[in-house]
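To start, the structure itself, in structure tokens.
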Amino acid sequence: MRLDGRIDTQLATQVWDSALSTSWQGVPVWFHGDIAYGNLLIRNGRLDAVIDFGTSGVGDPACDLAITWQLFEGESREVFRKARPLDAGTWARGRGWTLWKSLIVVAGMTGANPVDVKRSWQVIDGVLADHLAWA
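Residue 1 is where the sequence shown starts when you use the UniProt record's numbering, and the numbers rise one by one after that.
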């Protein structure tokens, strides 16, 4: 699938390059590896459980930041970001990780349904916009 014309490929490349230009310098931390809306169980409007720990490990927490763009929008996204005491490099890697995951879906590599593809396009748009705003 060609992305030219659908997204700003230069901006997407900037997101990716920013992610690759930094690395986690803190102590390794536990991460889930796939904190996504499909792995969060909500009951009565509140988080009840997190499932699918198949990619959990110890290392860089940036991979768990994808939920920032998958679940939150606008002011709630900014509140979430401010509540996480992470440096700019970690957020850059989080944007890169999220962009990668979303591009896999929109490129048809996961066999995702149309709802997930549409949602992934929205996530990509959010990542690109936030790269400009936060970088």
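C-beta: ideal position from N, C-alpha, C; glycine also.
Go through its chain and collect everything with a Cβ distance to residue i's Cβ below 8 angstroms, but skip five positions before and after it.
i	result
S76	none
G54	G33, D34
Can you tell me the Cα-Cα spacing of residue i and residue j, whole angstroms?
i	j	result
G62	S18	At residue 62 the sequence reads Ala, which differs from the Gly that was named. Roughly 13 angstroms separates the two Cα atoms.
E78	F72	8 angstroms
A83	W24	19 angstroms
D87	Q122	25 angstroms
D112	T98	Checking the sequence shown, residue 112 turns out to be Ala, not Asp. Going by the C-alpha atoms only, they are around 16 angstroms apart.
P114	P85	35 angstroms
R81	A133	12 angstroms
V56	V50	For the record, residue 56 in the displayed sequence is Ser; it is not Val. Straight-line Cα distance between these residues: approximately 12 angstroms.
residue 136	L3	Nothing about residue 136 can be reported from this structure: the residues present for the chain run from 1 to 135 only.
Report the option in the options whose CA atom is closest to the CA atom of residue i.
i	options	result
G26	R81, G74, V58	V58
R46	Y37, G54, D52	Y37
A66	A107, P114, W91	W91
A12	R81, W100, F80	W100
W30	A133, D64, I124, F80	D64
D8	A129, D48, V50	A129
S120	M109, T110, L103	L103
Note down, in chain order, each residue of its chain lying with its Cβ closer than 6 angstroms to the Cβ of residue i, except the 5 sequence neighbours on either side.
i	result
R95	V15, V127, H131
G89	T22
W69	T98, V123, G126, V127
Using a Cβ-Cβ cutoff of less than 7 angstroms, which residues in the same chain neighbour residue i once the five nearest sequence positions on both sides are dropped?
i	result
D52	D34, N39
P28	V58, G59
I42	D48
T110	I104
Q10	none
Just checking my contact of residue i with residue j at CB under 8 angstroms: how many whole Å lie between their CB atoms?
i	j	result
R93	D60	7 angstroms
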